[in-house]
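Structure record follows, encoded as structure tokens.
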Amino acid sequence: MSSKLLLTPGPTNIPERYLEILGKDIIHHRTPAFRKVLRETNENLKKVFKTKNDVSVVTSSGTGVMEAAVVNFFSKGDKVIVVNTGYFGDRFRKIAEIYGLEVINLEYEFGESYKLEDVKKALAENSDVKGILATHSETSVGILNNIKALGDLTKNTDVLLVVDTISGLVVNEFDFDNWGVDVAIAGSQKAFLIPPGLAFVAVSDKAKKAMERSDLPKYYFSIQQYEKYFEEMNGETPYTPAISLILALHKSVEDVVNKGIDNIIKEKYELRKFIEEKAKNLGFELLVKEEENRTNTLVSIYREGVVIKTIISALEERGYTVTGGKGKYATSLMRVGILGEISKEQLEEFFVVFEEELKKQLG
Ligand SMILES: *Cc1c(COP(=O)(O)O)cnc(C)c1O
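Positions 150 to 512 (this note's numbering) are the ones given, in order, by the sequence shown.
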């Protein structure tokens, strides 16, 4: 099997140092050795989310903890605002509706961030709102939503701020405690550079109280169970976790902390700027027009008259995996992900191949 360069917003290529761990025999999850690993991982995850509370590690893809972020903190009929700026924001809406929440759906055009005025208005007109569900980095578009501004609205109220930062964490600024976030979720296959299968849930004190009142059905995704086992068993999970992945995560989160989030953000920012320049030089436009609304997770580009789908298929043949758009952008948008450990040189080579394929189409 030839390996491809994954220029995708997760999963990423797995660095050798994690593959080594993943290829080893495992340990049992009810042992002192495992507990130590999970406790150390938790300490580092707290530094990554920037929170004083423990972070639960759940064996699931990201969507599982999106569901957990709804069923653990709300009750049937609760009214929530969904800040819907793309495909993943819409997934939050669907989950909330399926569990019988009343959703105020603030939906925006692809490429646009939310408008703070709309959220303020919805809060003012609905004094019974229990939560705001928002996406930090909207992967389907390349949008970075301002979470701090939402936290300023919910901070000294009973409204919970629930944030999907699955593709946003590590590569964009995020400050759970200081921004007043109540629930934040992330996943292993994004900026943690290990395979899919683990997801993380950070919970504020305010959200812990809501968790006690919540009456929505839950079993596997009951975060109280994860907290109980972590505390009472000194670093265990309620059910058999993906042990191999946790062993790799232990190293990966340690690497993130040692490297420093600020350094990683700077590195990704520079890669993003590099891609933006290269794409503009090839006549492409950026889907997200405002610099402040662009995530360091990926770059979304399009060019009038170019059927990007064909080019994406050709690139796949030539060793590069990039992704297309969704919905009305299904054939025209290309998303270049930069979460993985990639260099400018690799991107340089990618753009040479990209330009060749583009020329074939333009004739
Ligand atoms: C990847 C991702 C998810 C979760 O997707 P899974 O496929 O379930 O891991 C959710 N939200 C965002 C913003 C994502 O990028």
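All residues carry an ideal CB built from backbone N, CA and C; glycine is no exception.
Predicted model, so just to flag it, every value in this text is computed and none were measured.
For residue i, name the three-state secondary structure that DSSP assigns.
i: residue 248; result: coil
i: residue 215; result: helix
i: residue 253; result: strand
i: residue 365; result: coil
i: residue 156; result: coil
i: residue 473; result: strand
i: residue 436; result: coil
i: residue 150; result: With a pLDDT of only 48 at residue 150, under the threshold of 50, the placement of this residue in the model should not be trusted; the figure read from the coordinates follows. In the structure shown, residue 150 sits in coil (DSSP, three-state: anything other than H, G, I, E or B).
i: residue 414; result: helix
i: residue 161; result: coil
Excluding the 5 residues flanking residue i on each side, which residues of the same chain have their C-beta closer than 7 Å to its C-beta?
i: residue 153; result: 468, 469 and 470
i: residue 242; result: 231, 233, 252 and 254
i: residue 417; result: 320, 445 and 487
i: residue 289; result: 235, 236, 237 and 475
i: residue 389; result: 178
i: residue 208; result: 346, 347, 390 and 391
i: residue 393; result: 171 and 175
i: residue 502; result: 464, 467 and 469
i: residue 340; result: 318, 319, 320 and 488
i: residue 196; result: 406
i: residue 452; result: 432, 433 and 434
i: residue 275; result: 228 and 253
i: residue 264; result: none
i: residue 216; result: 244 and 370
i: residue 189; result: 399
My guess is that residue i and residue j are in contact by the Cβ rule of under 8 Å, so how many angstroms apart are they, rounded?
i: residue 245; j: residue 255; result: With 8 Å as the limit, residue 245 and residue 255 do not qualify as a contact, their Cβ atoms being about 13 Å apart.
i: residue 201; j: residue 326; result: 6 Å
i: residue 163; j: residue 395; result: No, residue 163 and residue 395 are not in contact; Cβ-Cβ is about 15 Å, not under 8 Å.
i: residue 370; j: residue 280; result: About 17 Å separates the two Cβ atoms, so there is no contact after all.
i: residue 435; j: residue 259; result: No, residue 435 and residue 259 are not in contact; Cβ-Cβ is about 12 Å, not under 8 Å.
i: residue 450; j: residue 433; result: 4 Å
i: residue 158; j: residue 316; result: 5 Å
i: residue 480; j: residue 458; result: 5 Å
i: residue 248; j: residue 400; result: Actually they do not touch by this definition, with Cβ atoms about 36 Å apart.
i: residue 362; j: residue 492; result: About 49 Å separates the two Cβ atoms, so there is no contact after all.
i: residue 377; j: residue 220; result: Not quite, the Cβ-Cβ distance comes to about 17 Å (not below 8 Å), so this is no contact.
Considering residue i, what are the terminal residues of the alpha helix (DSSP H) in which it resides?
i: residue 566; result: Lying before the first or after the last residue shown, residue 566 is absent from the chain, which here runs from 150 to 512.
i: residue 462; result: 457-466
i: residue 404; result: 392-408
i: residue 175; result: Unbroken run through residue 175: none, as it is neither H nor E.
i: residue 258; result: Unbroken run through residue 258: none, as it is neither H nor E.
i: residue 493; result: 493-511
i: residue 165; result: 165-171
List the endpoints of the continuous beta strand (DSSP E) containing residue i.
i: residue 208; result: 204-208
i: residue 449; result: 447-451
i: residue 228; result: 228-233
i: residue 187; result: Run containing residue 187: none in the beta strand (DSSP E); it sits in the alpha helix (DSSP H), 181-198.
i: residue 484; result: 482-486
In chain order, what residues of the same chain lie with their CB nearer than 8 Å to the CB of residue i, ignoring the 5 residues before and after it?
i: residue 296; result: 283, 285, 310, 312, 314, 323, 328 and 330
i: residue 155; result: 161, 162, 470, 486 and 489
i: residue 507; result: 431, 455 and 460
i: residue 448; result: 291, 421, 424, 425, 428, 435, 484, 485 and 487
i: residue 191; result: 203, 204, 206, 379 and 384
Looking only at its own chain, which residues have a Cβ that is under 6 Å from the Cβ of residue i, when we skip the five neighbours before and after it?
i: residue 187; result: 384
i: residue 150; result: For residue 150, the predicted model reports a pLDDT of 48, less than 50, meaning its position is unreliable; a value from the coordinates is still stated below. So no residue of the chain qualifies.
i: residue 267; result: 255
i: residue 351; result: 198, 200, 204, 325 and 333
i: residue 214; result: 207, 334, 348 and 350
i: residue 277; result: 228
i: residue 374; result: 387
i: residue 306; result: none
i: residue 336; result: 211, 315 and 348
Please confirm whether any heavy atom of ligand 3 lies closer than 7 Å to the CB of residue i.
i: residue 237; result: Only ligand 1 can be found as ligands here, which leaves ligand 3 out of the picture.
Inset, instruction - Could you pull out every unbroken beta strand (DSSP E) segment of at least 3 residues lying fully inside the stretch 260-326, listed in chain order? - result: 278-284 and 309-313
Inset, instruction - For the stretch 324-354, list the beta strand (DSSP E) runs that are entirely contained and at least 3 residues long, ordered along the chain. - result: 332-336 and 347-352
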